[in-house]
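So my numbering is basically just the index in the sequence shown, starting at one, shifted up by 141. Each residue gets a CB set at the ideal place from its N, CA and C atoms; glycine is no exception. Please read these numbers as outputs of a predicted model, since none were measured by experiment. To keep things clear, I will list the structure first and then write my remarks on it.
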Amino acid sequence: MEKDNIFSLIEDIKTKENTARKTIIYGAGGVASCLIMFFERYDIRVDACCVTEKNPDQNEFMGYPIIEWKDVEKEDFVILAVNKENAASILNNVIDEEYRANVVYDEAIIQYADWDNTTYLAGEVEDDGKYILRVCDIELKKDFKYVCCPCSIGDTLYVCSLLNAYKKSNNKKICVIAKKFHEELVKMFDGIDDVIISNQAVSCLEKYSVTRKVWERENYLYGYFHKDVFDQLDKSHYNSIEGNMVEKYKHIVLGIPGESEMSRPGIPTIQGYENVAIIAPYAQTEEMLPGEFWDRLVWELKDIGLEVLTNVKDSSEKEVGGTARFSGSLSELAQVGRSCKCVISLRSGICDLLALVDSNIIIINNKYELKDEWSVSSINQRHNCRELQYCDDNEVLVNQVIEIIKEL
């Protein structure tokens with residue numbers, strides 16, 4: 142779609158806004174946020190975001206109400222803020238035929254919106270073609286390597302644990318640019334000379350790299366796998382070597398030898414948790430396990446004499462019935478995880494941290510196809526770090542967990 146046609150579509154949306162019909166963005170994620178900012182720049186009213194099924198704890202996205210698809214009126218104007226693959230699935234499986242006349246999906250307008258928004262943000266990244274000179278109001282030095290960590294806890298952990306080895310091959314001081322939530326994690330590792338904690342800088346650098354396809358400069362490294370503006374991994378890049386996540390980070394992201402060793406944070410143990418089990422049922426990117434599994438597990442853990450805590454990040458996450466809340470920082474979780482009887486966790490980024498600091502941990506995977514790629518065996522091959530595949534029979538799975546704990 143050419144730029145002129147995109148602005149014709151904008152005018153068309155504005156015309157439709159003159160009626161009682163609503164303008165609704167289907168989606169409440171990265172692409173949706175990009176479209177919202179794009180529309181706000183051109184004074185296009187957005188009435189709501191809609192999703193197939195709403196999370197009860199999420200009622201708003203960027204200040205706009207989130208509604209479910211079933212609540213959308215047939216005359217409403219809907220824009221699919223998703224990638225091409227998901228758009229086809231939604232059109233075929235969610236959106237009834239009589240609605241489709243008022244649904245817009247065009248990959249070009251979403252891409253243009255993202256580029257336009259990035260162009261707006263690009264003034265926050267000053268680049269002379271060889272070095273990045275400035276990000277937001279932060280001046281970058283030429284004798285440092287600035288490593289941007291834009292993704293999850295596990296991804297930041299893999300990068301930081303390998304930076305000592307990366308530093309040896311680059312002969313430059315290392316500065317990590319990370320999100321506020323990851324500050325404690327980054328500071329656990331030796332070999333990092335400086336840290337910049339700025340959500341804005343991380344966001345600007347990610348958009349800079351993704352839209353301009355600039356993954357490295359003399360003083361900059363994008364600390365994740367290549368992806369497109371729809372947040373989809375470049376599969377040819379990601380699959381350029383087979384192996385688990387540690388191997389992929391060594392070879393693909395950091396370009397260091399396979400025999401390079403991971404640094405491990407020095408986390409002390411503390412007294413008072415020897416008879417405690419921690420359950421971690423939440424993950425940012427994984428489908429939750431059934432509540433019945435956690436309820437049964439808690440009952441069995443108490444039956445063998447353990448006190449049970451539920452790890453939660455904030456008030457949006459509820460503790461499992463019969464347990465107390467544990468809502469510590471990442472360093473506190475690492476310390477308690479090392480000291481308690483066992484942590485039982487749905488696969489998430491905290492599993493990588495707990496495995497790295499040598500906790501007793503049982504990890505439950507719910508994606509069979511990723512069990513090898515996401516295995517923490519590359520971090521910890523000792524008997525105190527065990528991985529189980531989720532199965533529909535809660536009794537069988539709980540019994541497996543209990544038998545492992547009895548062996549610890």
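For the candidate residues the options, whose alpha-carbon lies nearest to that of residue i?
{"i": "Val327", "options": "Asn312, Ser500, Asn305", "result": "Asn305"}
{"i": "Gly270", "options": "Gln412, Arg353, Ser486", "result": "Arg353"}
{"i": "Cys481", "options": "Leu487, Ile419, Val537, Glu428", "result": "Ile419"}
{"i": "Gly498", "options": "Arg405, Ile445, Val439", "result": "Sequence inspection shows Val at residue 498; the Gly mentioned does not correspond to that position. Nearest C-alpha to Val498: Arg405."}
{"i": "Gln412", "options": "Gln476, Lys282, Ala169", "result": "Gln476"}
{"i": "Cys190", "options": "Gly170, Ser456, Ile445", "result": "Gly170"}
{"i": "Lys321", "options": "Phe434, Val517, Ala465, Thr297", "result": "Thr297"}
{"i": "Leu450", "options": "Ala465, Trp515, Lys443", "result": "Ala465"}
{"i": "Arg513", "options": "Phe180, Met386, Cys526", "result": "A quick correction: the sequence has Asp, not Arg, at residue 513. The shortest C-alpha separation from Asp513 is found at Met386."}
{"i": "Lys282", "options": "Lys459, Gln530, Glu359", "result": "Glu359"}
{"i": "Ile177", "options": "Gly204, Ile520, Asp198, Trp435", "result": "Gly204"}
Indicate the three-state DSSP secondary structure (helix, strand or coil) for residue i in the structure shown.
{"i": "Thr164", "result": "strand"}
{"i": "Ile520", "result": "coil"}
{"i": "Tyr299", "result": "helix"}
{"i": "Val276", "result": "strand"}
{"i": "Ile177", "result": "helix"}
{"i": "Cys526", "result": "strand"}
{"i": "Ala424", "result": "coil"}
{"i": "Asp255", "result": "With a pLDDT of only 46 at Asp255, under 50, the local geometry of the prediction cannot be trusted, and no value is derived from it."}
{"i": "Ile543", "result": "helix"}
{"i": "Ala306", "result": "helix"}
{"i": "Lys314", "result": "strand"}
{"i": "Asp436", "result": "helix"}
{"i": "Ile393", "result": "helix"}
{"i": "Ala342", "result": "helix"}
{"i": "Glu324", "result": "helix"}
{"i": "Val498", "result": "coil"}
{"i": "Glu460", "result": "coil"}
Buried or exposed: residue i, going by 16 or more other Cβ atoms within 10 Å of its Cβ?
{"i": "Pro422", "result": "buried"}
{"i": "Ala254", "result": "Its pLDDT being 48, under 50, Ala254 is placed unreliably by the model, and the measurement read from it follows with that caveat. Per the 10 Å Cβ criterion, buried."}
{"i": "Ser470", "result": "exposed"}
{"i": "Val394", "result": "buried"}
{"i": "Val537", "result": "exposed"}
{"i": "Ala173", "result": "buried"}
{"i": "Ile101", "result": "A question about residue 101 goes unanswered here, because the residues of the chain that appear run from 142 up to 549."}
{"i": "Ser456", "result": "exposed"}
{"i": "Leu438", "result": "buried"}
{"i": "Thr193", "result": "exposed"}
{"i": "Ile546", "result": "buried"}
{"i": "Lys368", "result": "buried"}
{"i": "Lys144", "result": "Note that Lys144 has pLDDT 42, beneath the 50 cutoff, so the model's placement of it is unreliable and the number below is only indicative. It is exposed - the Cβ of Lys144 has fewer than 16 other Cβ atoms within 10 Å."}
{"i": "Lys389", "result": "buried"}
{"i": "Asn452", "result": "buried"}
{"i": "Phe366", "result": "buried"}
{"i": "Pro206", "result": "exposed"}
{"i": "Met429", "result": "exposed"}
{"i": "Ser486", "result": "buried"}
Sorted by chain position, which residues of the same chain lie with C-beta nearer than 6 Å to residue i's C-beta, five sequence neighbours on each side aside?
{"i": "His392", "result": "Ile382"}
{"i": "Gly478", "result": "Val484, Leu495, Ser500"}
{"i": "Arg241", "result": "In this prediction, Arg241 has a pLDDT of 48, which is less than 50 and means its spatial position is unreliable; what the coordinates show is noted afterwards. Contacts found: none."}
{"i": "Ser350", "result": "Trp356, Tyr363"}
{"i": "Tyr261", "result": "The pLDDT assigned to Tyr261 is 40, lower than 50, so where the model puts this residue is not dependable; a value taken from the coordinates is nonetheless given after this. For Tyr261, where only same-chain residues beyond five positions count, there are no Cβ hits under 6 Å."}
{"i": "Gly295", "result": "Gly490, Asp493"}
{"i": "Asp335", "result": "Cys316"}
{"i": "Glu209", "result": "Lys195"}
{"i": "Tyr414", "result": "Val477, Ser480, Cys481"}
{"i": "Ile408", "result": "Ala475, Gln476, Arg479, Val498"}
{"i": "Ile520", "result": "Ala496, Leu497"}
{"i": "Val461", "result": "Trp435, Val439, Thr451"}
Residues in the same chain with beta-carbon distance under 7 Å from residue i, minus the five sequence neighbours each way, listed in chain order, please.
{"i": "Thr259", "result": "Interpretation of Thr259 is limited by its pLDDT of 44, a score under 50 that renders its predicted location unreliable; the figure taken from the coordinates is listed afterwards. Closer than 7 Å at the Cβ level, and outside the excluded window around Thr259, lie Lys348, Thr352."}
{"i": "Ile333", "result": "Cys301, Leu304, Ile315, Val317, Val327"}
{"i": "Val276", "result": "Glu265, Val266, Ala342, Cys345, Leu346"}
{"i": "Lys308", "result": "Ile315, Gly332"}
{"i": "Ser310", "result": "Ile397"}
{"i": "Gly432", "result": "none"}
{"i": "Ser516", "result": "Asn385, Glu528"}
{"i": "Asn540", "result": "none"}
{"i": "Glu544", "result": "none"}
According to DSSP, what are the bridge partners of residue i?
{"i": "Lys368", "result": "Leu374"}
{"i": "Leu450", "result": "Ile419, Ala465"}
{"i": "Asn506", "result": "Gln530"}
{"i": "Leu487", "result": "Ile505"}
{"i": "Asp455", "result": "Note: Asp455 sits in no beta bridge, so no partner."}
{"i": "Val266", "result": "Val276"}
{"i": "Lys286", "result": "Ile315"}
{"i": "Glu357", "result": "Leu362"}
{"i": "Asp335", "result": "Cys316"}
{"i": "Ile207", "result": "Cys190"}
Closer than 8 Å by C-beta to residue i: which residues in its own chain qualify, once you throw out the five before and the five after it? Chain order, please.
{"i": "Ile337", "result": "Ile279, Tyr287, Cys316, Val317, Ile318, Ala319"}
{"i": "Trp440", "result": "Gly463"}
Does residue i get closer than 8 Å to chain D when you measure Cβ to Cβ?
{"i": "Cys301", "result": "Judged by its chain identifiers, the structure shown contains no chain D, having just a single protein chain."}
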